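Q:
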Amino acid sequence: MKMANQSLTNESIYLVRNSVEARSALETGFIGTMNGKVPVRAADLIRRASGEEEILFRHRPYVEAKHFGESLGRFLIAIRAFSLTATLMPCLAVLASGILAGFLPRTAVAISAIIGALLLQIAVNLLNDISDYVKLIDLPGSPGGSGVFEKGWYSPGEIRRIAQFALALGFLAGVPALVAYPLQILGIGALGTLGAVLYSHDRIGLKYHALGDLAVFILCGPALTVGFSVATYGELVPGVLPIGAVLGLLACALLHVNNLHDMDLDRSRGASTLASRIGYIPSARLLAVMYGGATLILGLSVYSGALPVSALLAVFAMIPALKLTRRIFAALGPTSPSLEGARMVAAQIHLVAGVLLTLGILSARFFKGTVF
Amino acid sequence: MSVFKTSSETWGSPWLDPAIYELEETGSLPGLENLMNRSVLRGGKRLRPILMGEFAGLFGLSADRVKPFARAAEQVHSATLAHDDVIDASETRRGIRTLNARIENRRAVLGGDYLLAEGIFHVARQGHFKVVEALSETLRELVTGELLQNEARGMDEVTEAHLLRIADLKTGSLFRWCCSVPALLLDSSPEVLRLVRDFATRLGVAFQWIDDALDYSKESGKPYGQDLREGLVNEVTRRLIEKFPESRDSVKSILQNESEFSLPWSETQIATEVENVRQSARSQLETARRILADLRVVLRREEHPASDESMARVEKILEKLERREK
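Chains as they are written, first to last, in the numbering used here: chain S, 1 to 372; chain H, 373 to 698.
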């Protein structure tokens with residue numbers, strides 16, 4: 001393979017940023033040398049005096065997983081499994097609400113809709129990671145990224161193939177719902193697809209114009225619950241909007257914690273998330289408002305009868321939310337090491353809230369006719 | 373014996389004269405000044421003044437021109453060491469009793485503040501606003517780095533991003549100032565300043581990583597695994613935890629002083645990661661060399677009389693750093 005604009009040292013290869021070789025190395029994770037294809041990862045970006053930018057590629061030996069458990073663990077990290085709660089929990093809560101109201105779910109359609117939504121989210125997560133890696137946003141040492149390229153677990157080419165497979169399967173899984181309710185599902189599906197594409201688009205990029213939070217609130221909240229309700233039951237079941245609002249706010253909080261942590265990096269590359277625009281302490285206050293808002297909506301929904309009293313079980317998830325908010329206020333700033341793991345905690349809060357909300361709604365079925 | 377004291381003909385030997393850095397025992401606090409001259413201002417590689425001196429040569433400035441700033445750089449560095457010694461309750465540094473081992477902590481902290489004030493005062497007296505502005509930015513970065521590092525004390529979940537940031541703030545910031553001073557004195561172009569700062573940043577990170585590698589060296593003259601004993605995860609430790617996740621719990625209890633100091637890795641495992649970290653440091657230095665080559669081109673383009681001798685000596689500093697065993 002002919003190498004242009006390259007200089008080779010023992011462990012590093014420098015390639016001009018927009019060269020064919022550099023783009024290929026970024027996309028595939030390999031560079032052709034006289035000794036054959038070498039697995040590499042982008043390790044640094046250097047601006048030369050000539051005005052050119054050079055990418056430093058370092059040898060990235062593939063690290064074999066010792067056993068199936070380790071392989072599975074790597075896969076779950078790559079797809080950011082912890083974030084899938086944002087899609088799964090609203091669907092389960094709506095399913096429960098429909099059952100409570102006596103609706104009969106179209107089980108096969110419901111399952112395929114959930115699988116479809118999860119696969120689409122996995123595809124978005126993976127494509128987002130590749131996009132950030134190829135744009136050199138997630139170089140070693142940056143706070144974002146799943147780290148799978150750097151650790152030599154996967155090449156970008158492998159991740160892209162998994163993403164494309166997940167995307168195709170996700171669309172296929174949505175076909176039963178589409179056949180059952182074509183207009184409604186097309187509408188919701190189009191909104192979801194548009195949102196997913198625009199979220200990290202090069203120019204429009206909602207997440208880079210402080211609209212990511214709003215997009216996530218809608219797509220992982222009311223849009224998701226409405227779409228799932230239509231797909232599963234053919235209509236809007238009671239509580240679909242409050243469930244969407246509560247879990248949408250918690251999904252928004254998860255994104256917000258992530259952006260809060262990445263604030264300095266986002267600012268340095270001109271990406272304008274809501275957190276980086278308003279600053280650290282206002283972001284911490286906004287997080288408190290999100291969790292407080294979710295709690296308030298839950299309370300009002302129960303008060304108005306939109307949700308059963310037992311749905312208040314989900315309030316227990318606000319205890320770790322309060323602790324997380326305090327931890328964020330107590331940290332020195334976005335780069336504080338005490339924020340490590342905060343996004344995982346935010347994801348756990350969403351998961352626990354979703355589980356408790358679902359169980360709370362379901363349990364009302366057994367207490368019908370009593371105080372619930 | 374500092375690794376940089378190899379040849380008085382090759383190195384900027386004037387920078388090794390301790391008299392440059394000593395506080396003059398003037399009116400108010402001669403006792404404290406004398407104490408600091410005998411403790412925190414003694415010894416050391418004087419890398420920062422040497423760097424500044426060589427960069428002065430690159431820009432055609434004499435050593436005397438930058439001497440006040442070089443002195444201030446070493447005083448600022450020593451002030452941070454004095455504060456570190458209080459935080460870590462260290463009794464000796466470079467084989468010499470620390471300031472806090474001689475006087476109570478409160479006075480040692482104030483002594484460090486006094487040294488800082490001295491450095492800033494003498495820089496300000498030179499009358500170059502941009503240099504003062506850059507120094508104030510450096511101090512802010514230094515303190516930020518110290519605060520972030522202190523916050524991570526006792527924590528095992530420390531990321532590479534965090535350690536890189538601390539290396540950049542704690543070590544890279546003062547290197548950046550030292551290398552930038554000659555350029556600032558001559559009102560150099562933004563391109564020159566950018567290259568100088570980029571160079572110094574890579575140097576700072578490389579220096580810190582080599583320091584982290586030496587923390588696990590029995591020949592370095594420092595206590596083995598000192599960072600871990602002080603509750604800090606360095607880059608070698610971080611990679612060991614990442615590679616051997618089963619060791620995390622043991623490391624956590626060491627970091628939080630809940631168990632005796634007994635490393636959960638074999639010597640071979642440690643040696644492998646030490647070499648990997650050194651390799652990463654070499655990669656940073658390789659990048660620093662490329663930036664230095666660019667700087668040479670730009671300086672010539674801008675008609676600065678860049679001294680070939682100084683350029684060669686800066687490259688020699690990089691080589692020495694790469695081979696540093698102490």
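Glycine included, every Cβ here is placed at the ideal spot set by N, Cα and C. Predicted model only: the values in this text are computed from it and were never measured.
1. If you follow the beta strand (DSSP E) that residue 42 of chain S is part of, which residue opens it and which one closes it?
2. Would you list the residues sitting across from residue 481 of chain H in a DSSP beta bridge?
3. Determine whether the Cβ of residue 58 of chain S lies closer than 9 Å to any Cβ atom of chain H.
4. Tell me the rounded alpha-carbon separation between residue 315 of chain S and residue 363 of chain S.
5. Against residue 341 of chain S, what residues of chain A qualify as contacts under a CB-to-CB distance less than 8 Å, listed in chain order?
6. Give a yes or no on whether 9 Å exceeds the smallest Cβ distance from residue 335 of chain S to chain H.
7. If you pair each beta-carbon of the stretch 607-624 of chain H with each one of the stretch 508-521 of chain H, do three or more pairs fall below 8 Å?
8. Would you tell me roughly how many angstroms separate the C-alpha atoms of residue 433 of chain H and residue 549 of chain H, rounded to the nearest one?
9. Leaving aside the five residues before and after residue 571 of chain H along the sequence, list all residues of the same chain whose C-beta is less than 7 Å from its C-beta, in chain order.
10. Could you please give the first and the last residue of the uninterrupted beta strand (DSSP E) stretch that includes residue 12 of chain S?
11. Determine the direct distance from the alpha carbon of residue 152 of chain S to that of residue 589 of chain H, and round the result to whole angstroms.
12. Kindly examine the ligand FMN and report whether one of its heavy atoms sits closer than 8 Å to the Cβ of residue 353 of chain S.
13. Would you tell me roughly how many angstroms separate the C-alpha atoms of residue 509 of chain H and residue 241 of chain S, rounded to the nearest one?
14. In the DSSP assignment, what residue or residues form a beta bridge with residue 30 of chain S?
15. Can residue 40 of chain S and residue 57 of chain S be called in contact, C-beta distance under 9 Å?
16. Tell me whether residue 577 of chain H is buried or exposed, calling it buried when 16 or more other Cβ atoms sit within 10 Å of its Cβ.
17. Output the distance between the C-alpha atoms of residue 694 of chain H and residue 405 of chain H, rounded to the nearest integer angstrom.
18. Any beta carbon of chain H sitting closer than 9 Å to that of residue 53 of chain S?
19. On a Cα-Cα basis, can you pick out the residue from H:689, H:532, H:506, H:469 that is closest to residue 545 of chain H?
20. Quick check: the Cα distance between residue 156 of chain S and residue 267 of chain S, rounded to an integer number of angstroms?
21. Using beta carbons (cut-off 9 Å, strictly below), is residue 377 of chain H in contact with chain S?
22. DSSP on residue 464 of chain H, reduced to helix/strand/coil?
23. State the DSSP-derived secondary structure class of residue 5 of chain S, mapped to helix, strand or coil.
24. Measuring straight from C-alpha to C-alpha, what distance separates residue 309 of chain S and residue 91 of chain S?
25. To the nearest angstrom, how far is the alpha carbon of residue 587 of chain H from that of residue 361 of chain S?
26. Taking only beta-carbon atoms, is residue 199 of chain S less than 9 Å away from chain H?
27. Per DSSP, which residues does residue 272 of chain S bridge with? Please list them.
28. Nearest to residue 170 of chain S by CA position, among S:118, S:95, S:161, is which residue?
29. Could you please give the first and the last residue of the uninterrupted beta strand (DSSP E) stretch that includes residue 55 of chain S?
30. What are the residues in the stretch 668-695 of chain H lying within 7 Å of chain S by C-beta distance?
31. Below 8 Å on the Cβ atoms is my contact criterion, and I expect residue 126 of chain S with residue 162 of chain S to pass it. Report the Cβ-Cβ distance as a whole number of Å.
32. Can you pull the chain H residues whose beta carbon is under 8 Å from the beta carbon of residue 49 of chain S, in chain order?
33. Any contact between the stretch 328-348 of chain S and the stretch 293-308 of chain S? By contact I mean 3 or more CB pairs, one from each, below 8 Å.
34. With a 10 Å radius around its C-beta and 16 neighbouring C-beta atoms as the bar for buried, classify residue 13 of chain S as buried or exposed.
35. In chain order, what residues of the stretch 173-188 of chain S put their CB closer than 9 Å to some CB of chain H?
36. Rounded to whole angstroms, what's the CA-CA distance from residue 442 of chain H to residue 386 of chain H? Just pull it up for me.
A: This is what the structure holds:
1. 36-47
2. Answer is none; residue 481 of chain H lacks a bridge partner.
3. yes
4. One C-alpha to the other measures close to 15 Å.
5. The structure shown has no chain A; the protein chains it does contain are S and H.
6. yes
7. no
8. 16 Å
9. 551, 660, 663, 664, 667
10. From DSSP, the beta strand (DSSP E) with residue 12 of chain S extends over 12-16.
11. The straight-line gap from Cα to Cα measures roughly 28 Å.
12. Although the ligand FMN was asked about, the structure shown includes no ligands whatsoever.
13. 50 Å
14. S:39
15. yes
16. buried
17. Their backbone Cα atoms lie some 35 Å apart in a straight line.
18. No, its Cβ sits nowhere closer than 9 Å to a Cβ of chain H.
19. The residue with the shortest Cα to Cα distance from residue 545 of chain H is H:506.
20. Cα-Cα distance, rounded: 25 Å.
21. Note that residue 377 of chain H scores 37 on pLDDT, short of 50, meaning its location in the model is unreliable; the coordinates nonetheless yield the value given after this. Not closer than 9 Å to any Cβ of chain S, the Cβ of residue 377 of chain H fails to qualify, so no.
22. strand
23. Unreliable positioning characterises residue 5 of chain S in this predicted model, as indicated by a pLDDT of 41, which lies under 50. The coordinate reading is nonetheless provided below. Residue state, collapsed to three classes: coil.
24. 20 Å
25. 57 Å
26. Output row for residue 199 of chain S: interface = no.
27. S:209
28. S:118
29. 53-59
30. 669, 670
31. 6 Å
32. 563, 567, 666, 667, 669, 670
33. no
34. buried
35. none
36. Those two C-alpha atoms are separated by around 11 Å.
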